[in-house]
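Only one structure is covered here, and it is reproduced in the block below.
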Amino acid sequence: MSEGKTNTRLRLLQEADIKDKVVLIRVDHNTVKKGKIKDPTRIDASLGTIFNVISRGGKPILMTHIGRPRDKKTGKISCLPDRSVSPIVAYLQKKLRIKIEVPDFSIHPETGITDIDRSIWASIFRLREGTIGAIYLPNIRWFQGEQSNGPERSRLARKLASLAGVYVNDAFGSWRPHVSTFDITKYIPSYAGYLLQEEIKNLEMVLHPTRPFLAIVAGTKYDTKIGPVKELYKRVDHL
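FYI, the working numbering numbers position 220 of the sequence shown as 275, with every residue one higher than the one before it.
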């Protein structure tokens, strides 16, 4: 653990009453490229939170986004097999040694998954009974409303919240205010997972650093990094 302090305004997973409750966990498992896991680091980083929920009697439903299936201009959602959560589920089943089920939702060729239908309740029943160890929702960006601003947005938030008794955000890397990271917290008790807590501690160290302060920036998606890098440059001694 880093030496930074946890933000006292956060409600922490370790404080949540999750025994025998369905726990909806937003993770950042955006690791699949062309149908294969490119690097499992992000998945492994979330294992602490998932293990904690299971060991304390919680019933986890996991969700993540993979890629950018929604066309910004047309709003069309392309639900391609190479952007599915299947490789992640296979990886987690080996790591966690549990059976994980992906509900079978109807998919429209242009609007994606338009509703959370009753089929998921059969999966939740099996989850509560212990027949399966976890549920993993399809790519959350396949769901109509996740990234849009119409009435379908609030409808999706309410539907997701209705699945569980507790929500946990462990997806610091998925910082955009979408339904699965932001809107859902209006309708369900919400807590920070262990990875999110750790990343916020690290952020506090950036905001209040020990000098001299050296920052090393790497990765892809440069279009989303320009703003943060400019702000970081104002604070560092060396970049």
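We put the CB at the ideal spot given by N, CA and C, even for glycine.
For residue 121, there is no enclosing alpha helix (DSSP H), as DSSP marks it with neither H nor E. Inclusion of residue 222 and residue 255 in the CB contact set at 8 Å is not warranted, their separation being larger than that value. Spanning the alpha carbons of residue 201 and residue 89 requires a straight line of approximately 22 Å. Here DSSP, grouped into helix, strand and coil, assigns residue 284 to helix.
The C-beta of residue 99 has fewer than 16 other C-beta atoms within 10 Å across all chains shown, which makes the residue exposed.
Taking every protein chain shown into account, the CB of residue 125 has 16 or more other CB atoms within 10 angstroms, so this residue is buried. Three or more beta-carbon pairs separated by less than 8 Å link the stretch 189-197 to the stretch 164-181, which places the two stretches in contact.
A straight line joining the alpha-carbon of residue 83 with that of residue 229 spans about 6 Å.
Residues 222 and 224 of the same chain have their beta carbon placed closer than 8 Å to that of residue 240, with the five preceding and five following residues left out of the count. Rounded to the nearest angstrom, the gap between the Cα atoms of residue 248 and residue 104 is 6 Å. Inter-residue distance for residue 185 and residue 281 is about 46 Å (C-alpha atoms, whole angstroms). Between residue 284 and residue 269, the C-beta gap is not smaller than 8 Å, which leaves the two residues out of contact. The straight-line gap separating the alpha-carbon atoms of residue 92 and residue 257 is approximately 26 Å. For residue 79, the uninterrupted beta strand (DSSP E) segment begins and ends at 77-82.
The DSSP-derived three-state label of residue 198 is strand. Remark: fewer than three beta-carbon pairs, one from each stretch, lie closer than 8 Å, so the stretch 139-150 and the stretch 208-219 are not flagged as touching.
The beta carbons of residue 121 and residue 79 sit no closer together than 8 Å. No Cβ-Cβ contact shorter than 8 Å links residue 179 with residue 108. Here the alpha carbon of residue 118 sits roughly 5 Å from the alpha carbon of residue 81.
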